[in-house]
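Working notes for the structure below.
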Amino acid sequence: MLSRLDRSPVSNWWWTIDRWFLAAFLMLMILGVVLSFAASPAVAERIGLDSFHFATRQIIFMVPASIVMIGVSFLNARQIRRLALVMLMMTLLLMVMVLYVGVEVKGARRWISFAGLSVQPSEFLKPAFVIICAWLFAEHARQPDIPGNLFAMILLGLVIALLVAQPDLGQTMLTLATWCVMFFVAGMAWFWIIALGAAGVVGGLAAYTIFPHVAGRIDRFLTGEGDTFQVDMGRDALVNGGWFGQGPGEGTVKRVIPDSHADFVFAVAGEEFGIILCLIIMAIFAFIVLRGLSTALKEHDDFTRYAVTGLVTLFGLQSFINMGVNVQLLPAKGMTLPFISYGGSSAIAIAISMGMVLALTRKRPEKRSQIGYSRSGGRTLAAAE
(Lines of atoms letter the chains of each structure in order from A and count residues from 1; the text may use other names and numbers.)
(Lines give C-alpha, C1' and ligand atoms only; values in the text may rest on other atoms or scores of the structure.)
Protein backbone atom coordinates (compact mmCIF):
# COMPACT_ATOMS: atom_id res chain seq x y z
CA MET A 1 0.00 0.00 0.00
CA LEU A 2 1.37 3.41 -0.97
CA SER A 3 1.75 5.82 1.95
CA ARG A 4 1.09 9.54 1.72
CA LEU A 5 4.48 10.03 3.36
CA ASP A 6 6.20 8.18 0.50
CA ARG A 7 7.78 10.72 -1.87
CA SER A 8 8.55 8.30 -4.70
CA PRO A 9 7.26 9.19 -8.21
CA VAL A 10 4.76 6.32 -8.17
CA SER A 11 3.37 7.27 -4.76
CA ASN A 12 3.17 10.92 -5.74
CA TRP A 13 1.36 9.91 -8.94
CA TRP A 14 -1.15 7.75 -7.08
CA TRP A 15 -2.08 10.42 -4.54
CA THR A 16 -2.38 13.22 -7.11
CA ILE A 17 -4.11 11.44 -10.00
CA ASP A 18 -7.85 11.83 -10.57
CA ARG A 19 -8.85 8.26 -9.75
CA TRP A 20 -12.41 8.75 -10.99
CA PHE A 21 -11.04 9.52 -14.45
CA LEU A 22 -8.64 6.59 -14.26
CA ALA A 23 -11.41 4.17 -13.22
CA ALA A 24 -13.69 5.37 -16.05
CA PHE A 25 -10.96 4.93 -18.69
CA LEU A 26 -10.05 1.45 -17.46
CA MET A 27 -13.72 0.49 -17.37
CA LEU A 28 -14.11 1.48 -21.03
CA MET A 29 -11.01 -0.55 -21.94
CA ILE A 30 -12.40 -3.63 -20.19
CA LEU A 31 -15.77 -3.16 -21.92
CA GLY A 32 -13.92 -2.90 -25.24
CA VAL A 33 -12.26 -6.28 -24.68
CA VAL A 34 -15.50 -7.94 -23.53
CA LEU A 35 -17.50 -6.58 -26.46
CA SER A 36 -14.80 -7.60 -28.94
CA PHE A 37 -15.48 -11.23 -27.98
CA ALA A 38 -19.17 -10.64 -28.66
CA ALA A 39 -18.89 -8.61 -31.86
CA SER A 40 -15.84 -9.82 -33.76
CA PRO A 41 -16.11 -13.65 -34.23
CA ALA A 42 -18.77 -13.37 -36.94
CA VAL A 43 -16.69 -10.81 -38.86
CA ALA A 44 -13.52 -12.92 -38.55
CA GLU A 45 -15.26 -16.09 -39.76
CA ARG A 46 -16.82 -14.22 -42.67
CA ILE A 47 -13.40 -13.28 -44.03
CA GLY A 48 -11.76 -16.62 -43.29
CA LEU A 49 -9.85 -15.80 -40.08
CA ASP A 50 -9.78 -17.51 -36.70
CA SER A 51 -12.93 -16.74 -34.72
CA PHE A 52 -11.09 -14.79 -32.04
CA HIS A 53 -8.58 -13.07 -34.34
CA PHE A 54 -9.91 -9.55 -33.71
CA ALA A 55 -10.64 -10.21 -30.03
CA THR A 56 -7.06 -11.36 -29.45
CA ARG A 57 -5.69 -8.34 -31.28
CA GLN A 58 -7.97 -6.06 -29.23
CA ILE A 59 -6.36 -7.41 -26.05
CA ILE A 60 -2.93 -6.91 -27.60
CA PHE A 61 -3.84 -3.30 -28.46
CA MET A 62 -5.17 -2.55 -24.97
CA VAL A 63 -1.99 -3.64 -23.18
CA PRO A 64 0.27 -0.98 -24.78
CA ALA A 65 -2.63 1.51 -24.73
CA SER A 66 -2.97 1.23 -20.96
CA ILE A 67 0.81 1.45 -20.52
CA VAL A 68 0.96 4.55 -22.76
CA MET A 69 -1.94 6.20 -20.92
CA ILE A 70 -0.35 5.64 -17.50
CA GLY A 71 3.08 6.70 -18.81
CA VAL A 72 1.80 9.97 -20.26
CA SER A 73 -0.08 10.72 -17.04
CA PHE A 74 3.28 11.02 -15.21
CA LEU A 75 4.26 14.05 -17.32
CA ASN A 76 3.91 17.68 -16.25
CA ALA A 77 2.37 20.46 -18.38
CA ARG A 78 5.68 21.48 -19.97
CA GLN A 79 6.47 17.89 -20.92
CA ILE A 80 2.97 17.49 -22.36
CA ARG A 81 3.56 20.51 -24.62
CA ARG A 82 6.91 19.12 -25.77
CA LEU A 83 5.39 15.71 -26.49
CA ALA A 84 2.55 17.35 -28.43
CA LEU A 85 4.96 19.46 -30.48
CA VAL A 86 6.99 16.38 -31.50
CA MET A 87 3.79 14.46 -32.31
CA LEU A 88 2.44 17.37 -34.34
CA MET A 89 5.55 17.66 -36.50
CA MET A 90 5.73 13.91 -37.09
CA THR A 91 2.02 13.48 -37.86
CA LEU A 92 1.92 16.47 -40.23
CA LEU A 93 4.78 14.87 -42.16
CA LEU A 94 2.96 11.52 -42.19
CA MET A 95 -0.28 13.21 -43.30
CA VAL A 96 1.56 14.57 -46.34
CA MET A 97 3.16 11.17 -47.02
CA VAL A 98 -0.25 9.46 -46.83
CA LEU A 99 -1.43 11.44 -49.85
CA TYR A 100 1.35 9.92 -51.97
CA VAL A 101 2.22 6.51 -50.52
CA GLY A 102 -0.78 5.78 -48.30
CA VAL A 103 -3.00 2.72 -48.63
CA GLU A 104 -6.13 3.55 -50.64
CA VAL A 105 -9.38 2.14 -49.23
CA LYS A 106 -12.71 2.98 -50.87
CA GLY A 107 -11.20 5.97 -52.65
CA ALA A 108 -9.60 7.49 -49.54
CA ARG A 109 -5.96 7.53 -48.42
CA ARG A 110 -5.85 7.58 -44.62
CA TRP A 111 -3.45 4.79 -43.72
CA ILE A 112 0.27 4.30 -44.11
CA SER A 113 2.14 1.02 -43.57
CA PHE A 114 5.40 0.56 -41.66
CA ALA A 115 6.98 -2.89 -41.30
CA GLY A 116 3.63 -4.59 -41.75
CA LEU A 117 1.81 -2.27 -39.34
CA SER A 118 -0.89 0.12 -40.57
CA VAL A 119 -1.06 3.53 -38.91
CA GLN A 120 -3.69 6.24 -39.30
CA PRO A 121 -1.75 9.50 -38.71
CA SER A 122 -4.88 11.63 -38.27
CA GLU A 123 -5.71 9.77 -35.04
CA PHE A 124 -2.41 10.87 -33.49
CA LEU A 125 -2.65 14.35 -35.00
CA LYS A 126 -5.81 15.22 -33.06
CA PRO A 127 -4.45 15.27 -29.46
CA ALA A 128 -1.26 17.02 -30.56
CA PHE A 129 -3.30 19.62 -32.44
CA VAL A 130 -5.49 20.26 -29.37
CA ILE A 131 -2.51 20.73 -27.04
CA ILE A 132 -0.63 23.08 -29.35
CA CYS A 133 -3.74 25.19 -30.02
CA ALA A 134 -4.39 25.36 -26.26
CA TRP A 135 -0.84 26.61 -25.76
CA LEU A 136 -1.25 29.23 -28.52
CA PHE A 137 -4.55 30.46 -27.06
CA ALA A 138 -3.00 30.61 -23.58
CA GLU A 139 0.02 32.57 -24.81
CA HIS A 140 -2.27 35.11 -26.47
CA ALA A 141 -4.30 35.42 -23.25
CA ARG A 142 -1.09 35.93 -21.25
CA GLN A 143 0.40 38.48 -23.67
CA PRO A 144 -2.13 39.91 -26.18
CA ASP A 145 0.69 41.14 -28.42
CA ILE A 146 1.60 37.49 -29.16
CA PRO A 147 -0.46 36.42 -32.23
CA GLY A 148 -1.36 33.05 -30.70
CA ASN A 149 -4.93 33.07 -32.01
CA LEU A 150 -3.71 33.83 -35.53
CA PHE A 151 -1.18 30.99 -35.42
CA ALA A 152 -3.92 28.65 -34.13
CA MET A 153 -6.11 29.62 -37.10
CA ILE A 154 -3.25 28.98 -39.53
CA LEU A 155 -2.61 25.58 -37.95
CA LEU A 156 -6.33 24.78 -38.17
CA GLY A 157 -6.35 25.64 -41.87
CA LEU A 158 -3.33 23.40 -42.50
CA VAL A 159 -4.83 20.44 -40.64
CA ILE A 160 -8.21 20.78 -42.33
CA ALA A 161 -6.57 21.00 -45.76
CA LEU A 162 -4.69 17.75 -45.14
CA LEU A 163 -7.82 15.98 -43.84
CA VAL A 164 -9.96 17.11 -46.77
CA ALA A 165 -7.26 16.00 -49.21
CA GLN A 166 -7.48 12.39 -47.96
CA PRO A 167 -10.57 12.90 -47.92
CA ASP A 168 -11.78 12.40 -44.32
CA LEU A 169 -14.64 14.80 -43.75
CA GLY A 170 -15.74 13.16 -40.51
CA GLN A 171 -12.40 13.87 -38.85
CA THR A 172 -12.48 17.34 -40.42
CA MET A 173 -15.79 18.18 -38.76
CA LEU A 174 -14.66 16.66 -35.46
CA THR A 175 -11.42 18.65 -35.45
CA LEU A 176 -13.12 21.90 -36.47
CA ALA A 177 -15.85 21.54 -33.84
CA THR A 178 -13.29 20.85 -31.09
CA TRP A 179 -11.20 23.86 -32.15
CA CYS A 180 -14.28 26.11 -32.10
CA VAL A 181 -15.16 24.99 -28.55
CA MET A 182 -11.61 25.79 -27.41
CA PHE A 183 -11.68 29.16 -29.16
CA PHE A 184 -15.01 29.95 -27.50
CA VAL A 185 -13.61 29.09 -24.05
CA ALA A 186 -10.58 31.25 -24.84
CA GLY A 187 -12.86 34.27 -25.31
CA MET A 188 -13.85 34.24 -28.97
CA ALA A 189 -15.21 37.58 -30.18
CA TRP A 190 -18.71 37.75 -31.72
CA PHE A 191 -17.16 38.55 -35.08
CA TRP A 192 -15.45 35.17 -35.12
CA ILE A 193 -18.56 33.36 -33.90
CA ILE A 194 -20.50 34.71 -36.88
CA ALA A 195 -17.61 34.21 -39.31
CA LEU A 196 -16.97 30.62 -38.26
CA GLY A 197 -20.69 29.82 -38.30
CA ALA A 198 -20.97 31.13 -41.85
CA ALA A 199 -17.80 29.25 -42.87
CA GLY A 200 -19.25 26.05 -41.42
CA VAL A 201 -22.45 26.41 -43.45
CA VAL A 202 -20.50 27.16 -46.65
CA GLY A 203 -18.15 24.26 -45.98
CA GLY A 204 -21.04 21.87 -45.42
CA LEU A 205 -22.74 22.90 -48.66
CA ALA A 206 -19.42 22.60 -50.53
CA ALA A 207 -18.83 19.10 -49.16
CA TYR A 208 -22.34 18.07 -50.18
CA THR A 209 -21.75 19.45 -53.69
CA ILE A 210 -18.19 18.26 -54.29
CA PHE A 211 -18.08 14.81 -52.65
CA PRO A 212 -20.65 12.31 -53.99
CA HIS A 213 -20.24 9.96 -51.01
CA VAL A 214 -21.12 12.78 -48.61
CA ALA A 215 -24.21 13.70 -50.62
CA GLY A 216 -25.17 10.02 -50.77
CA ARG A 217 -24.93 9.54 -47.01
CA ILE A 218 -26.93 12.68 -46.26
CA ASP A 219 -29.58 11.79 -48.86
CA ARG A 220 -29.92 8.25 -47.49
CA PHE A 221 -30.21 9.62 -43.95
CA LEU A 222 -32.92 12.13 -44.90
CA THR A 223 -34.93 9.94 -47.29
CA GLY A 224 -34.18 6.40 -46.12
CA GLU A 225 -33.66 5.39 -49.74
CA GLY A 226 -30.61 3.63 -51.18
CA ASP A 227 -28.09 1.35 -49.48
CA THR A 228 -28.92 1.69 -45.78
CA PHE A 229 -28.25 -1.98 -44.95
CA GLN A 230 -25.65 -1.50 -42.22
CA VAL A 231 -27.43 1.26 -40.32
CA ASP A 232 -30.73 -0.61 -40.61
CA MET A 233 -29.09 -3.74 -39.19
CA GLY A 234 -27.60 -1.68 -36.38
CA ARG A 235 -31.04 -0.41 -35.46
CA ASP A 236 -32.51 -3.91 -35.71
CA ALA A 237 -29.78 -5.24 -33.39
CA LEU A 238 -30.71 -2.68 -30.73
CA VAL A 239 -34.41 -3.45 -31.10
CA ASN A 240 -33.72 -7.20 -30.98
CA GLY A 241 -31.83 -6.84 -27.72
CA GLY A 242 -34.54 -5.00 -25.84
CA TRP A 243 -33.81 -3.86 -22.32
CA PHE A 244 -31.82 -6.86 -21.13
CA GLY A 245 -30.36 -8.35 -24.32
CA GLN A 246 -30.32 -11.79 -25.90
CA GLY A 247 -27.39 -12.92 -23.77
CA PRO A 248 -23.63 -13.22 -24.44
CA GLY A 249 -23.02 -14.87 -27.82
CA GLU A 250 -26.73 -15.15 -28.57
CA GLY A 251 -27.08 -12.19 -30.91
CA THR A 252 -28.22 -12.97 -34.46
CA VAL A 253 -28.44 -9.61 -36.24
CA LYS A 254 -24.77 -8.89 -35.42
CA ARG A 255 -23.75 -11.75 -37.73
CA VAL A 256 -24.69 -9.79 -40.84
CA ILE A 257 -23.36 -6.35 -39.84
CA PRO A 258 -20.09 -5.85 -41.81
CA ASP A 259 -18.42 -3.59 -39.20
CA SER A 260 -19.97 -5.04 -36.05
CA HIS A 261 -16.58 -5.09 -34.28
CA ALA A 262 -15.70 -1.48 -35.15
CA ASP A 263 -18.22 1.21 -36.07
CA PHE A 264 -21.27 -0.77 -34.87
CA VAL A 265 -20.00 -2.37 -31.67
CA PHE A 266 -22.49 -0.21 -29.74
CA ALA A 267 -25.36 -1.94 -31.59
CA VAL A 268 -23.89 -5.35 -30.72
CA ALA A 269 -23.71 -4.29 -27.06
CA GLY A 270 -27.41 -3.49 -27.25
CA GLU A 271 -28.37 -6.78 -28.90
CA GLU A 272 -26.46 -9.07 -26.55
CA PHE A 273 -26.50 -7.15 -23.27
CA GLY A 274 -29.49 -4.87 -23.72
CA ILE A 275 -30.27 -1.18 -23.68
CA ILE A 276 -29.27 -1.18 -20.01
CA LEU A 277 -25.61 -1.68 -20.96
CA CYS A 278 -25.90 0.95 -23.70
CA LEU A 279 -27.14 3.44 -21.11
CA ILE A 280 -24.25 2.51 -18.81
CA ILE A 281 -21.76 3.09 -21.65
CA MET A 282 -23.38 6.44 -22.44
CA ALA A 283 -23.26 7.38 -18.75
CA ILE A 284 -19.51 6.63 -18.56
CA PHE A 285 -18.80 8.83 -21.58
CA ALA A 286 -21.03 11.58 -20.21
CA PHE A 287 -19.31 11.36 -16.81
CA ILE A 288 -15.86 11.76 -18.40
CA VAL A 289 -16.91 14.78 -20.47
CA LEU A 290 -18.81 16.54 -17.68
CA ARG A 291 -16.10 15.89 -15.09
CA GLY A 292 -13.49 17.14 -17.55
CA LEU A 293 -15.37 20.34 -18.31
CA SER A 294 -16.13 20.91 -14.62
CA THR A 295 -12.45 20.47 -13.74
CA ALA A 296 -11.41 22.79 -16.57
CA LEU A 297 -13.78 25.53 -15.40
CA LYS A 298 -12.17 25.47 -11.93
CA GLU A 299 -8.64 25.63 -13.36
CA HIS A 300 -6.76 28.93 -12.99
CA ASP A 301 -4.05 28.12 -15.55
CA ASP A 302 -5.22 29.09 -19.05
CA PHE A 303 -3.26 26.39 -20.87
CA THR A 304 -4.61 23.61 -18.66
CA ARG A 305 -8.15 24.92 -18.95
CA TYR A 306 -8.09 25.08 -22.75
CA ALA A 307 -6.24 21.76 -23.15
CA VAL A 308 -8.54 19.73 -20.89
CA THR A 309 -11.60 21.33 -22.50
CA GLY A 310 -10.34 20.44 -25.97
CA LEU A 311 -9.34 16.86 -25.12
CA VAL A 312 -12.61 15.91 -23.42
CA THR A 313 -14.62 17.69 -26.13
CA LEU A 314 -12.78 15.67 -28.79
CA PHE A 315 -13.41 12.49 -26.79
CA GLY A 316 -17.08 13.30 -26.21
CA LEU A 317 -17.89 14.38 -29.76
CA GLN A 318 -16.28 11.26 -31.23
CA SER A 319 -18.30 8.99 -28.94
CA PHE A 320 -21.49 10.97 -29.66
CA ILE A 321 -21.00 10.63 -33.42
CA ASN A 322 -20.44 6.87 -33.19
CA MET A 323 -23.44 6.24 -30.95
CA GLY A 324 -25.58 8.70 -32.94
CA VAL A 325 -24.93 6.74 -36.15
CA ASN A 326 -25.78 3.47 -34.39
CA VAL A 327 -29.20 4.75 -33.33
CA GLN A 328 -29.77 6.59 -36.65
CA LEU A 329 -29.65 10.09 -35.18
CA LEU A 330 -26.79 11.02 -37.53
CA PRO A 331 -25.81 10.11 -41.11
CA ALA A 332 -23.54 7.09 -41.46
CA LYS A 333 -19.90 7.90 -40.69
CA GLY A 334 -17.04 5.54 -40.00
CA MET A 335 -15.83 6.70 -36.59
CA THR A 336 -14.69 4.51 -33.71
CA LEU A 337 -16.19 4.43 -30.23
CA PRO A 338 -13.25 5.42 -27.97
CA PHE A 339 -11.58 2.47 -26.20
CA ILE A 340 -14.42 0.13 -27.26
CA SER A 341 -14.28 -0.20 -31.06
CA TYR A 342 -11.61 -2.40 -32.60
CA GLY A 343 -8.53 -0.56 -33.84
CA GLY A 344 -4.89 -0.17 -32.88
CA SER A 345 -4.26 3.41 -34.04
CA SER A 346 -7.47 4.59 -32.40
CA ALA A 347 -6.73 2.81 -29.11
CA ILE A 348 -3.17 4.16 -28.77
CA ALA A 349 -4.10 7.69 -29.87
CA ILE A 350 -7.04 7.88 -27.44
CA ALA A 351 -4.80 6.48 -24.69
CA ILE A 352 -2.35 9.34 -25.34
CA SER A 353 -5.22 11.86 -25.22
CA MET A 354 -6.62 10.55 -21.97
CA GLY A 355 -3.13 10.21 -20.50
CA MET A 356 -2.77 13.93 -21.17
CA VAL A 357 -6.08 14.57 -19.38
CA LEU A 358 -4.88 12.55 -16.38
CA ALA A 359 -1.57 14.45 -16.36
CA LEU A 360 -3.15 17.90 -16.60
CA THR A 361 -5.83 17.23 -13.95
CA ARG A 362 -3.44 15.89 -11.32
CA LYS A 363 -3.63 17.75 -8.01
CA ARG A 364 -1.04 20.49 -7.75
CA PRO A 365 -0.19 22.76 -4.81
CA GLU A 366 -2.17 25.99 -5.06
CA LYS A 367 -0.20 29.20 -5.39
CA ARG A 368 -0.62 31.47 -2.38
CA SER A 369 0.63 34.94 -1.62
CA GLN A 370 3.24 35.24 1.06
CA ILE A 371 4.64 38.41 2.61
CA GLY A 372 8.37 38.69 2.26
CA TYR A 373 10.97 41.36 2.71
CA SER A 374 13.34 42.82 0.15
CA ARG A 375 16.99 43.51 0.98
CA SER A 376 16.15 47.16 1.28
CA GLY A 377 13.70 46.39 4.08
CA GLY A 378 10.52 46.98 2.10
CA ARG A 379 7.69 44.47 2.24
CA THR A 380 7.00 42.54 -0.97
CA LEU A 381 4.50 39.92 -2.04
CA ALA A 382 6.00 36.67 -3.26
CA ALA A 383 4.16 33.75 -4.80
CA ALA A 384 5.14 30.36 -3.44
CA GLU A 385 4.12 26.89 -4.44
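With the UniProt record's numbering, letter number 76 in the sequence shown gets 76, and the count goes up by one each step, no holes. Each residue gets a CB set at the ideal place from its N, CA and C atoms; glycine is no exception.
- Each residue's CA atom was taken as its position, placing Gly334 and Asp259 some 9 Å apart.
- According to DSSP, Val105 shares a beta bridge with Ala108.
- In the DSSP assignment, Leu162 falls within the unbroken alpha helix (DSSP H) covering 148-165.
- The C-beta distance from Asp263 to Thr336 rounds to 7 Å, short enough to fall under 8 Å.
- Ala267 is the residue among Ala267, Ala206, Glu225, Ser11 whose C-alpha sits nearest the C-alpha of Arg235.
- A straight line joining the alpha-carbon of Phe54 with that of Cys133 spans about 35 Å.
- Pairing Met356 with Ile67 gives a Cβ-Cβ distance that is not under 8 Å.
- By the neighbour-count definition (other C-beta atoms within 10 Å, threshold 16), Pro144 is an exposed residue.
- In the assembly as shown, Asp168 is a buried residue. Its beta-carbon has 16 or more other beta-carbons within 10 Å.
- Judged by DSSP in its simplified three-state form, Ser260 adopts coil rather than helix or strand.
- In the DSSP secondary-structure assignment, Phe244 is not bridged to any residue.
- Bridge partners of Phe114 according to DSSP: Leu117.
- Asn322 sits buried, since 16 or more C-beta atoms from the chains shown fall within 10 Å of its C-beta.
- The Cβ neighbour count for Leu238, taken over all protein chains shown within 10 Å, is at least 16; the residue is labelled buried.
- Taking a C-beta distance under 8 Å as the contact criterion, Met62 and Gly32 qualify as a contact pair.
- In this structure, Phe114 and Met87 do not form a Cβ contact; the two beta carbons are roughly 16 Å apart against a cut-off of 8 Å.
- In terms of Cα proximity to Ala141, the closest of Ile218, Met188, Asp50 is Met188.
- For the options Met354, Lys363, Arg364, the alpha carbon positioned closest to that of Leu22 is the one of Met354.
- Closest option to Met182, judged by alpha-carbon separation, among Val308, Ala24, Ile352: Val308.
- Excluding its 5 nearest sequence neighbours in each direction, Gly310 has C-beta neighbours in its own chain below 6 Å: Val130, Ala134, Thr178, Met182, listed in chain order.
- Between Val231 and Val325, the C-beta spacing is below 8 Å.
- Taking all protein chains in view, the Cβ of Arg110 is crowded by 16 or more other Cβ atoms within 10 Å, so the residue is classified as buried.
- Taking the C-beta atoms as reference points, Ala38 is found nearer than 8 Å to Pro248.
- In the three-state scheme derived from DSSP, where H, G and I count as helix and E and B as strand, His53 is classed as helix.
- Excluding residues up to 5 positions away in sequence, Ile321, Gly324 lie with their Cβ nearer than 7 Å to the Cβ of Leu330 in the same chain.
- Rounded to the nearest whole angstrom, the CA to CA distance from Asp50 to Pro41 is 8 Å.
- Between Ile280 and Leu35, the alpha-carbon positions lie close to 14 Å from each other.
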